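To keep things clear, I will list the structure first and then write my remarks on it.
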Amino acid sequence: MPETIWQQAIAACADPERARRFLDSLWEAKGSQLEAWSHEAARRLTALLGGSQALSEQLIQNPGWLETALLPEALDHPRKKQGLEQEADQLVEQHESHNDSPKAYDALRAFKQKEMVRIGTRDLAKLGSTVEIMTEISDLADVCLARFFGLCYRQMTRRFGQPYHQDADGEWKPTSCCLLGLGKLGGQELNYSSDIDLMFLYEDEGQLFQKSAYSDSKAVPGMANHRFFNRFVDALVNELSRHTAAGWLFRVDLRLRPEGNTGPLARSLGSSENYYAQWGQTWERMMLIKARSVGGDQSLAGEFLETIQPFRFPRTISERILDEVAHMKGRIEREVVKADEIDRNVKLGRGGIREIEFVVQSLQVLRGGRIPFVQGHQTLSVLEKLKQYELLPPDDVHQLREAYLFLRDLEHRLQMEENLQTHTLPATQGPRVRLARLLGFESLDAFDQRLYEHTSAVRAVYDGILQSHQPEPKATLPNDFDESREQWKAILQQHSFRDVD
């Protein structure tokens, strides 16, 4: 290997020993090609090899990606969503035309893995901003989700028939359905190893007909719509979560749907509207702020979002919701985050990402009904809107923005290491030094100081708005309470605990 170019590149990366080990493996497969690489190309590759164990292993298993995903023109600029859609559509058509859906699914899984290696290389080589990287990961997720949705839906309707419902005139009409992204997926702010939060809706209740039989007046109806769509969601989630030799797509979380784990996987538009009107809670208002169409019928998704608009952004609401949000965050710190990780968890800990999101979403719920301009599903863009309408001081907005970008960048470095959904900084010095180098710090002390400055600034803004020092209200227990498991579960459910088992 050309010693000068590659030695310099290895020495400059965050983990030279690891980069050399992975490079030796790549050299066995692609040495003749790598010999001609420029110093800049070598720098980009070693940034990946020294920065992410998981992505490097993907590249070692697929060295052909050096000639596609890691070419200069693939790394210099973010890839447009339209280009991703065209490539994904070609993969689906290639296999579905041969009636081979399993191979179409696997082709999309491999496509996603390749693109994540490309995005990770851009990120670690500092060729894209934090916002660009979040957008690229989210665009890729949108593209894969929409194609998995379409593939699975076509499989289900071929097997069971087409869902229909009756309109106001009694005419049978095809029943549309849609997939909504929530959380970081809805906000187009995904991490490298995020769960994706999803909710599924269909247009109305009805029943299925076989397409060939529907034109026959003697046709016998099939299963009810609600049964079909719940089976469809179950099948779709299984495919999205399945691990195969080609890789895997996403861990899926459906717990943000109405009634959480106890509710149906799919709901009709009318049923969803009734749920939020009668039972919707503050955390659900905040959650739905980020709701966005990611698959299926976009017009149905639009109708749903318009229907719940008064719930998400009420024109009049008590500022007591700030107390509720503060109590919610207090419970997270006491019951979800381990005591020894409260200052190392960059998402849920003190001064973490969740506090920035709670500040933004709380102000949106309070003011969004009367100031539509502050409505929106992306944290950073809404922060700027809050500043423009003087709902947050410019200094606070600047501090929250800088902290958000720093913490999200840090979160990315944590997750790309082993492709695990982690938000906690390592406790030992060695991994922390490596993490500091990945973020461009010359010393661990400089990194720790910057982290402290950001989290302290976030906490100060959070405390000033949400009054997190207020005590937690106590649950009122019945006089004959006998501490049975079922009674405990009932009390916890009354006070908004999501997982009481």
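To get the working numbering, take the position in the sequence shown, counting from 1, and add 97.
Ideal Cβ placement from N, Cα and C applies to all residues, glycine included.
Computed from a predicted model, the values in this text were never measured in an experiment.
Own chain partners of residue i with C-beta closer than 7 Å, once the 5 adjacent residues on each side are dropped
i, result
"T341", "D203 and R206"
"A343", "D203, R206 and A207"
"G303", "P260, Y261, H262, Q263, T272 and N322"
"F119", "L146, S153 and I157"
"R244", "A185, V189 and L205"
"V433", "L445"
"P411", "G466"
"V530", "L541"
"P113", "I107 and G147"
"K200", "H192"
"F257", "L305, G319, M320 and F325"
"R176", "E233"
"L402", "A388"
"K270", "Y261, H262 and D264"
Three-state class that DSSP yields for residue i in the structure shown
i, result
"W269", "strand"
"V434", "coil"
"D626", "Summary: the structure shown does not reach residue 626, with the chain confined to residues 98 through 598, and so no result is reported for it."
"Q93", "In the structure as shown, the chain begins at 98 and stops at 598. Residue 93 is therefore absent and cannot be evaluated."
"Y78", "Not covered by the structure: residue 78. The range shown for the chain is 98 to 598."
"S135", "coil"
"Y196", "At residue 196 the sequence reads Asn, which differs from the Tyr that was named. If DSSP states are grouped into helix, strand and coil, N196 belongs with coil."
"V443", "coil"
"Q472", "coil"
"P523", "coil"
"R352", "coil"
"R397", "First, the amino acid is wrong: residue 397 is Leu here, not Arg. Of the three classes helix, strand and coil, the one that applies to L397 here is helix, per DSSP."
"P260", "strand"
"L168", "coil"
"L224", "coil"
"L276", "strand"
"G128", "helix"
"G147", "helix"
"G319", "coil"
"G344", "strand"
Contact belief for residue i with residue j at Cβ below 8 Å, rounded distance in angstroms
i, j, result
"Q210", "Q259", "Contact flag wrong, Cβ pair sits at about 34 Å."
"Q130", "L167", "Contact doesn't hold; Cβ gap of about 11 Å is too wide."
"A222", "R324", "With a Cβ gap of about 50 Å, A222 and R324 do not count as contacting."
"E170", "V240", "Incorrect: roughly 20 Å between the Cβ atoms, too far for contact."
"L351", "L295", "6 Å"
"I386", "R409", "6 Å"
"L397", "D301", "About 10 Å; that fails the 8 Å criterion."
"L536", "R510", "6 Å"
Unbroken beta strand (DSSP E) run spanning residue i, endpoints
i, result
"R531", "Careful: R531 lies outside any beta strand (DSSP E), inside the alpha helix (DSSP H) at Q526 to L535."
"V391", "R389 to G393"
"C249", "It is not in any beta strand (DSSP E) - C249 instead sits in the alpha helix (DSSP H) that spans T227 to F257."
"Q304", "Q304 to F306"
"R364", "A363 to S365"
N-terminal and C-terminal residue of the alpha helix (DSSP H) that residue i is part of
i, result
"M425", "I418 to R428"
"D294", "Where D294 is concerned, there is no enclosing alpha helix (DSSP H), although the beta strand (DSSP E) it sits in stretches over I293 to Y299."
"G280", "G280 to G283"
"F538", "Neither: F538 is in no alpha helix (DSSP H) and is coded neither H nor E."
"A151", "Q150 to Q158"
"R324", "N322 to S338"
"R176", "Neither: R176 is in no alpha helix (DSSP H) and is coded neither H nor E."
"S459", "I450 to R464"
"S478", "T476 to Q485"
"R412", "Premise fails: R412 is in no alpha helix (DSSP H) and is neither H nor E."
"R382", "T379 to L385"
Residues near residue i in its chain [Cβ-Cβ closer than 6 Å; skip 5 each side]
i, result
"M231", "E286"
"E438", "T521"
"A144", "C110, L221 and A222"
"V391", "D239, L242, L276 and G278"
"Q307", "G258"
"S314", "Note on S314: pLDDT 46, under 50, position unreliable in the model; no value is reported."
"V443", "G449, L504, L507, E508 and H520"
Close-in-space but distant-in-sequence residues of the same chain around residue i (CB under 8 Å, 5 per side omitted)
i, result
"R447", "E430, I439, D440, T552 and R556"
"M213", "L152, Q155, I234, L237 and Y289"
"A543", "A533"
"L460", "V471, L483, L488, L489 and I562"
"W345", "R206, S338 and R339"
"T476", "G284, E286, I453, E454, V457 and Y501"
"L517", "S290"
"L463", "I414, E416, I418 and L419"
Point to revise | Any 3 or more C-beta pairs closer than 8 Å across the region 248-266 and the region 326-333 | key: yes
Practice item. Tell me, please, whether the region 448-455 touches the region 497-514 by the rule of three or more beta-carbon pairs shorter than 8 Å. Key: With the rule of 3 Cβ pairs closer than 8 Å, the region 448-455 counts as touching the region 497-514.
Exercise for review: Report yes or no: do three or more beta-carbon pairs, one from the region 469-483 and one from the region 551-560, lie closer than 8 Å?
Suggested key: No: the two stretches stay apart, fewer than three of their Cβ pairs being nearer than 8 Å.
Point to revise | Inter-stretch contact at 8 Å, needing at least 3 Cβ pairs: the region 469-478 / the region 412-428 | key: With the cut-off at 8 Å, the region 469-478 and the region 412-428 do not touch.
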